[in-house]
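A short worksheet on the structure shown next.
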Amino acid sequence: MSRKENRLFTLLVKNYLLFTLTLLAIAGGVYWLWDCRFERLLYPVDWDALADDPRLARGEYAGLEDYLQGAGNGFAVLDENGAVLYRAGEGELELTPGELDCVALYRGEEYLEAFPEKDAEGTVRYRVLRTRMTGDGMQITGNMALDGELRVVSGALTPGKTAYTPREYGILAGTWPTDSQLFRQPFTAADGTARTLLLCVATLDDAAIARASQNGWQVWLAALPLYGLALAFFIWRVGRRIRPPLDRLQAAVDAQAQGRTVPVGDCGGVQELQRIGRSFDELTRRLAASEREREHLDRERQRMIANISHDLKTPVTVIAGYVDALADGKVPPGEQGRYLAAIRSRTQALTGLINAFHEYSKVDHPQFALQCQTVDLCEFLREYLAAQYDAIALAGFELEVSIPEVPCLCRLDPFQMGRALDNLLGNALRYNRLGTVLSVTLAPAGRQALLTVADNGEGIPPDRADTIFEPFVVGSDARSGGGSGLGLSITRRLVELHGGTITLRSEPHQGAVFEISLPLETQ
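Position in the sequence shown (first residue = 1) + 1221 = this note's numbering.
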């Protein structure tokens, strides 16, 4: 079942885009794996899952230790007074109620930030800011100032609290504990009592982050085999559309080199390869036709050589025989004049034959050119036929002429066109009986002038009608009519050089009609 094939450009672009999308998908998947691995290396504990675990509310704390991964991480469950009910893992989990109030909420919408600053006198003071993320960005919702002794100077964040301990300020500033960060998450137990989940999250230094990043990059090594598989798949995908037709073309080329003909036919594949296949088949057909034409030309050349040999051999043999007889004294004095007349006749025939060979080779030469000019074909024919009328009448033939009064302008070489007509009329006089009527007719036919030279004589045998314009083909059954068989070949060549055509219509014993079509010059 045939289907519409794409162009090579479309095939390459489509597969390139698919290959690119595949690589992007591979890169996205590997990046997702890398991100998960990197996040797992940086944050080995899933604190969200721990905070949402229903076992917290049920008081089943022992099973929660499974969440803890890595050093420095831990958690504790506190009652409503801050006392530790259960703890697991590592870290600072024993806090006073005041310290617990300074711990940031794990899922709170507000954030605490503490940092030292100096006033106008250069005294060190401490600033504590409470911020909230809104649609307009981070906004400050609380601002507290502490003096050097950590006493509240202004803007207390906790009502009634007037001073902070160093550990409390360290929790606010994130500097205590030094190797971890504390968060608290209130929740309600199954019995309705308030509980607090205290989280101690280990912080990583730069070296630990670098190690995690280096380990995370190992995931990208998985992209190499995936890239190789994708590349191999798309090479196969493109190759299956291109390689089979190329193999068929290669087989056809190899067969052609061995002298065999293997048609490519519908080789499939992209449009460009299909066109190449069709062009190769057309080239093969042309080569076969050219080979047949070459063989035909070889046969014609051999026939021409044989005909030339035959046409030259007969008069030369006669001349040589007569000359030998005269030289040997075998001819009586009274007969010598007749022998010399025969030699002269044969010599003239031989000269005419050689001249015909010369004329044929000259007009058939690629560099032969006409000397054309704008000529009224009607007037040209009148002058030509007037010059030929007496010779035709003395030969015992009749001439009928029909030429219109309206001018028919053509681009002609008058001398060469006269030679073409000489050959037509000469053949009619040579091969027809006395009393034959010759007819010359001219009539415009659209953009062509139709010149007809006809007779009511013997006609041309059907077996010669198709090849009458070939060299050394004569209209009679014997070559003794005195013709070379080149006249009509010369005529056809001259007519074609004028941009025209010549055809023959003939029936045995009903005469021959030669029709010459010449292009009229546009006004």
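Cβ coordinates follow ideal geometry from the N, Cα and C atoms, glycine included.
Query	Result
If you compare alpha carbons, which of A1444, M1638, L1725 and A1410 is closest to R1279?	A1410
Span of the alpha helix (DSSP H) holding C1631?	No alpha helix (DSSP H) holds C1631; the beta strand (DSSP E) holding it covers L1630 to L1633.
Suppose the cutoff is 8 Å on Cβ atoms and the five residues either side in sequence are ignored; what does the same chain contact list for A1292 look like?	E1311 and A1423
Could you please give the first and the last residue of the uninterrupted alpha helix (DSSP H) stretch that includes F1455?	A1444 to A1478
With 16 other CB atoms within 10 Å as the buried threshold, where does G1706 fall?	buried
State the DSSP-derived secondary structure class of I1361, mapped to helix, strand or coil.	strand
By how many angstroms is the C-alpha of R1372 removed from the C-alpha of D1287?	42 Å
Thinking C-beta only, is G1490 closer than 7 Å to R1462?	yes
Under DSSP, the alpha helix (DSSP H) around R1559 begins and ends at which residues?	P1554 to V1584
What residue from T1344, V1537, D1273 and N1294 has the CA that sits closest to R1328's CA?	D1273
Going along the chain, which residues of its own chain have a beta-carbon closer than 6 Å to the beta-carbon of E1313, five neighbours each way excluded?	P1398
Is R1348 near G1363, with beta carbons less than 7 Å apart?	no
Provide the residue span of the alpha helix (DSSP H) that contains V1266, from first to last.	Neither: V1266 is in no alpha helix (DSSP H) and is coded neither H nor E.
If M1638 sits next to L1715, beta carbons under 8 Å apart, how far is it from one beta carbon to the other, in whole angstroms?	7 Å
Report, in whole angstroms, the separation of the C-beta atoms of Y1543 and A1570, which I expect to be a contact under 8 Å.	No, Y1543 and A1570 are not in contact; Cβ-Cβ is about 13 Å, not under 8 Å.
Could you tell me whether the segment 1670-1685 touches the segment 1732-1739, where touching means 3 or more Cβ pairs closer than 8 Å?	yes
How would you call A1415, buried or exposed, if buried means at least 16 neighbouring beta carbons within 10 angstroms?	exposed
Taking 6 Å as the limit between beta carbons, can you name the residues of its chain near A1297, skipping five residues before and five after?	V1305, R1308, L1314 and L1419
Can you give me the C-alpha to C-alpha distance between F1408 and L1321, rounded to a whole angstrom?	15 Å
Between the Cα of L1709 and the Cα atoms of F1636, A1283, V1584 and L1620, which residue gives the shortest distance?	V1584
Does the segment 1327-1347 touch the segment 1444-1453, meaning 3 or more C-beta pairs lie closer than 8 Å?	no
Is S1727 buried or exposed, if buried means 16 or more other CB atoms sit within 10 Å of its CB?	buried
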